[in-house]
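Undergrad: Handing you a structure now.
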Amino acid sequence: MAEESKAPSAPAESAAPVSEGRSSHRPGPRGPRPGGGPGGPGGPREGGRKYFRRKKVCKFCVEKIESINYKDVRLLAQFVAESGKIVPRRLTGVCTPHQRRLSGAIKQARNIALLPFAGRAN
Ligand SMILES: [Zn+2]
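This is the structure we're talking about:
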């Protein structure tokens, strides 16, 4: 009846005004957790992998190296990070028995100054 009483300011609202109808009772897929913390154990996952990993196979098993020579610096250096730390098995894929020998060899090599205890400390 009173068609002209409505202001022609928002003519596009006639489609679906659901946005503010029942927003108060909607749980949603990830609603606010009751008493939950700010983030949770998930955390932001960003794909910034520094160590590019290939197949996860133990290099020593593949090459059938049973005893790791501590004098083989070129070999050991592959498993020492730039900071001087031994790269963990997770990243290198070395199996546990070999990682043990490897870490032992690296420590021996450190002792005779073939490998650094710490990287370049400027
Ligand atoms: Zn192995």
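Residue numbering for the sequence shown follows our numbering, starting at 1 and increasing by one per position.
Positions of the beta carbon are idealized from the N, C-alpha and C atoms, including for glycine.
Computed from a prediction, not measured in an experiment: that's the story for all the values here.
(1) Figure out for me which residue from S83, E82, H98 has the closest Cα to the Cα of L89.
(2) Alpha carbons only, please: which of V87, D72, A81, L91 is nearest the one belonging to L114?
(3) Express the C-alpha separation of E66 and F60 in angstroms, rounding to a whole number.
(4) Contact defined as beta carbons within less than 8 Å: I believe F128 pairs with T96. What is the distance between those atoms, to the nearest angstrom?
(5) When every heavy atom of ligand 1 is checked, does at least one fall within less than 7 Å of the C-beta of F60?
TA: This is what the structure holds:
(1) First, the residue type needs correcting, since residue 89 is Arg and not Leu in the sequence shown. That would be H98, whose Cα lies nearest to the Cα of R89.
(2) D72
(3) 7 Å
(4) It is not possible to answer for residue 128, since the shown part of the chain is limited to 1 through 122.
(5) yes
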